[in-house]
Amino acid sequence: MAVRDALNELDDKRIKQIKPLIPPQILMEDLPLTIQAAQSVIIGRATAEAIIKGQDDRLIVIVGPCSVHDVRAAIEYAGRLKAYASEASELFIIMRVYFEKPRTTVGWKGLINDPHLNNSFQINKGLRIARNLLLEINKIGIPCGCEFLDTITPQYIADLVSWGAIGARTTESQVHRELASGLSVPVGFKNGTDGNIGIAVDAIKAARSGHHFLSVTKQGLSAIVETDGNESCHVILRGGAQGPNYSAEHVQNVVQKLESEKLPARIMIDCSHGNSSKVFSRQVDVAKDIAEQLKSSPTGHNIVGVMIESHLKEGRQDLPVEGPSNLVYGQSITDACISWETTIQVLDLLREGVRARRARNNNKNGYNAFNE
Numbered sequence: 001m002a003v004r005d006a007l008n009e010l011d012d013k014r015i016k017q018i019k020p021l022i023p024p025q026i027l028m029e030d031l032p033l034t035i036q037a038a039q040s041v042i043i044g045r046a047t048a049e050a051i052i053k054g055q056d057d058r059l060i061v062i063v064g065p066c067s068v069h070d071v072r073a074a075i076e077y078a079g080r081l082k083a084y085a086s087e088a089s090e091l092f093i094i095m096r097v098y099f100e101k102p103r104t105t106v107g108w109k110g111l112i113n114d115p116h117l118n119n120s121f122q123i124n125k126g127l128r129i130a131r132n133l134l135l136e137i138n139k140i141g142i143p144c145g146c147e148f149l150d151t152i153t154p155q156y157i158a159d160l161v162s163w164g165a166i167g168a169r170t171t172e173s174q175v176h177r178e179l180a181s182g183l184s185v186p187v188g189f190k191n192g193t194d195g196n197i198g199i200a201v202d203a204i205k206a207a208r209s210g211h212h213f214l215s216v217t218k219q220g221l222s223a224i225v226e227t228d229g230n231e232s233c234h235v236i237l238r239g240g241a242q243g244p245n246y247s248a249e250h251v252q253n254v255v256q257k258l259e260s261e262k263l264p265a266r267i268m269i270d271c272s273h274g275n276s277s278k279v280f281s282r283q284v285d286v287a288k289d290i291a292e293q294l295k296s297s298p299t300g301h302n303i304v305g306v307m308i309e310s311h312l313k314e315g316r317q318d319l320p321v322e323g324p325s326n327l328v329y330g331q332s333i334t335d336a337c338i339s340w341e342t343t344i345q346v347l348d349l350l351r352e353g354v355r356a357r358r359a360r361n362n363n364k365n366g367y368n369a370f371n372e
């Protein structure tokens, strides 16, 4: 057997095609960071970190569509969010701008992977659309939060992101823990889909340490990355197969686990997914419970943020057989979301909770848990 034949037999047997990917630096030069966007990101990161570290008593709210599929709707949503955020001094609002969707089996993987929603997989276009949208939202004055699924995509967009998430399906992954250790943003780790909290706590411990791993440079070259570690990581409670985990009892159990590992007991709660039993309207009930904890429970001091899946219109829709041109404007094509009107009600509830928490702190002879 000839060497060439041997290589053909051994290498890339299941690879159908390989296409060139635009280097991150080229895309960043085509769509450069603006002063407005930079200011939004700098303030967004600093504020989120201050809240997570207990130096700011506002509540982080990660709110927005389950995933972005329509740029126009996303920009309209961001504009509405900015108008509300300007009056909501109790909250620090970050728009959920998710371009990548982890799938349990198969399905649409997000705007970057398939921006035209037609299985054409124009990933270079998807990266360009994603970066441009982040620039636009930051220009509006709303910081952005994203989920990171691999070690390459952040090189294209992470300079425009203020907060990042590692999802329930990837929290246990060594690659994602390594990635989080080098990201320049605060990172939340979700508990596992089975409800396991331990893997999120382990992930925080791992991400706080430095690592060496494989990635690419801004020029698109394969590289060995060395990180310092990320001390701005936290747990996200999202429920699981055993049911919700947002109650004061659940939060207290996680606080004890974090403290036993000598980790900061700062917790974010996802109102959707397992905590809503995948019924989008139940996010309101979860938010009410969180607001009550903020008002009167000792666990209220440990809650630093919430996540809400919200869009212009409530519910969700499937991609029409005839194509994306017939989609309902402002409605999710992945997980079902609450409407904008309901979102306002939920945010108002959370504001009440924060105001009550502040009053409770001020009544304790000047004691403020956020200055510990």
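Numbering (the UniProt record's numbering), first residue to last: 1 to 372. Cβ atoms here follow ideal geometry from the backbone N, Cα and C, with glycine treated the same way.
Considering Cα atoms alone, identify which of the options is closest to residue i.
i	options	result
Q252	V225, P244, P298	P298
F280	D335, I303, D202, P244	D335
H116	M95, V68, S247	V68
C144	K125, I94, T171	I94
residue 386	I157, G239, K16	Any property of residue 386 remains undetermined from this structure, which presents the chain solely from 1 to 372.
S173	D150, L33, S260, V185	D150
D289	G315, E231, I338, L349	L349
F92	Y77, S277, Q36, K82	K82
H214	A207, A223, R208, A206	Note on identity: in this sequence residue 214 is Leu, with His being the wrong assignment. Here the closest residue by C-alpha is A223.
G188	V175, G182, L319, T171	T171
I137	V97, S276, K125, S232	V97
V175	G164, N124, A203	A203
A248	V286, N119, Q345, L31	V286
N324	D114, G305, S276	The sequence given here has Pro at residue 324, not Asn. P324 has its Cα closest to that of D114, out of D114, G305, S276.
A46	P186, R177, L347	P186
Residue i lies in the alpha helix (DSSP H); which residues open and close that run?
i	result
S260	248-260
G126	123-140
E341	340-362
V41	35-52
P154	154-157
A2	Looking at the DSSP string, A2 is not in any alpha helix (DSSP H), and its letter there is neither H nor E.
P24	24-30
Starting from residue i and walking both ways along the beta strand (DSSP E), at which residues does that stretch end?
i	result
A73	That residue, A73, is in no beta strand (DSSP E); its alpha helix (DSSP H) goes 71-85.
S222	222-226
A265	Per DSSP, A265 belongs to no beta strand (DSSP E) and is neither H nor E.
residue 373	Outside the displayed span of the chain (1 to 372) sits residue 373, for which this structure offers no information.
W163	163-166
Go through its chain and collect everything with a Cβ distance to residue i's Cβ below 8 Å, but skip five positions before and after it.
i	result
Q317	L327, V328, Q331, S332, I333
E372	Note that E372 has pLDDT 38, beneath the 50 cutoff, so the model's placement of it is unreliable and the number below is only indicative. Within the same chain, E372 has close Cβ partners G54.
Excluding the 5 residues preceding and the 5 following residue i in the sequence, name in chain order all residues of the same chain whose CB lies nearer than 7 Å to its CB.
i	result
N302	V251, V255, A265, R266, I267
D11	none
A168	K190, N191, G192, T193, R238
Q155	P24, V216, K218
P102	L149, G167, R169, T170
E231	R208
Whose C-beta lies closer than 6 Å to the C-beta of residue i among residues of the same chain, with five residues either side of it excluded?
i	result
G366	Summary for G366: the model assigns pLDDT 42, below 50, so the residue's position carries little reliability; its value from the coordinates is reported in the next sentence. Hits under 6 Å: none found.
G229	S181, R208, S209, G210
I142	A78, L81, K82, M95
T227	S181, G182, G210, H211
When DSSP builds the beta bridges, which residues end up paired with residue i?
i	result
G240	G243
C233	V187
R96	G145
D270	M307
L111	The partner list for L111 (beta bridge, DSSP) is empty, contrary to what the question assumes.
V63	M95, I308
G315	C337
S332	R316
Counting Cβ pairs, one atom from each stretch, are 3 or more of them under 8 Å apart for the stretch 182-200 and the stretch 126-134? no
May I ask you to verify whether the stretch 39-59 touches the stretch 353-364, counting CB pairs closer than 8 Å and requiring at least 3? yes
Does the stretch 42-56 come within contact of the stretch 239-247, defined as at least 3 CB pairs closer than 8 Å? no
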